[in-house]
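Peer 1: Those letters in the sequence shown? Residues 1 to 113, per full-length UniProt numbering, in order.
Every residue gets a Cβ at the ideal spot worked out from N, C-alpha and C, and that includes glycine.
These figures come from a predicted structure and were not determined experimentally.
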Amino acid sequence: MVASLLEWRDWLEELAERFEGLAPPTGANAEDRSWHLERAATRLVRVVMDRTGAECGWYGLCHTVLAWFLSSKGVEAHDAKDAVDTAIGGRFKSWTAPSRTSSTRWERTSPQM
């Protein structure tokens with residue numbers, strides 16, 4: 001049990017570092033923010049997919065991670081959830097890697113920060 005908790009903690013710390021590295025810079029204009037959000041979504045989807053092997057239900061964790069990312073950047077939790085639902089809801093399946101078009105959908109639907 002301790003090993004599992006330590007593994008989970010490592011995962012959360014890794015995500016926190018990634019969130020900081022992927023965030024739009026302070027003062028970025030709308031176009032730059034959009035680019036950073038698209039890049040963040042693409043990278044975070046890959047991180048989750050790699051971590052889970054795109055196995056059963058991996059997309060649920062992906063949804064959670066993307067919502068956490070937006071929340072960590074000041075987007076209200078319900079707005080983050082709605083944005084992620086709109087962007088990726090129903091697009092991913094168990095045992096299947098995402099298509100390249102997923103990030104384009106995210107870019108068009110991501111909230112402004």
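Inspect the beta-carbon positions of W68 and L15 and report whether they are closer than 8 Å.
Peer 2: Yes, these two residues count as a Cβ contact at 8 Å.
Peer 1: With DSSP collapsed to three states, give me the class of A28.
Peer 2: Coil at A28, not helix or strand.
Peer 1: Give me, in chain order, the residues of the same chain whose beta-carbon lies closer than 8 Å to that of T96; leave out the 5 immediate sequence neighbours on both sides.
Peer 2: A54.
Peer 1: Quick check on DSSP: helix, strand or coil for V75?
Peer 2: Residue state, collapsed to three classes: coil.
Peer 1: Quick one: any contact between the segment 4-11 and the segment 20-38, if contact means 3 or more CB pairs under 8 Å?
Peer 2: At 8 Å Cβ cutoff, the stretches do not touch.
Peer 1: If you reduce the DSSP assignment to three classes, tell me which class residue 142 lands in.
Peer 2: Absent from the structure is residue 142, since the part of the chain shown begins at 1 and ends at 113.
Peer 1: Cα-Cα, which of E76, K73 and K81 is closest to L61?
Peer 2: The shortest C-alpha separation from L61 is found at K81.
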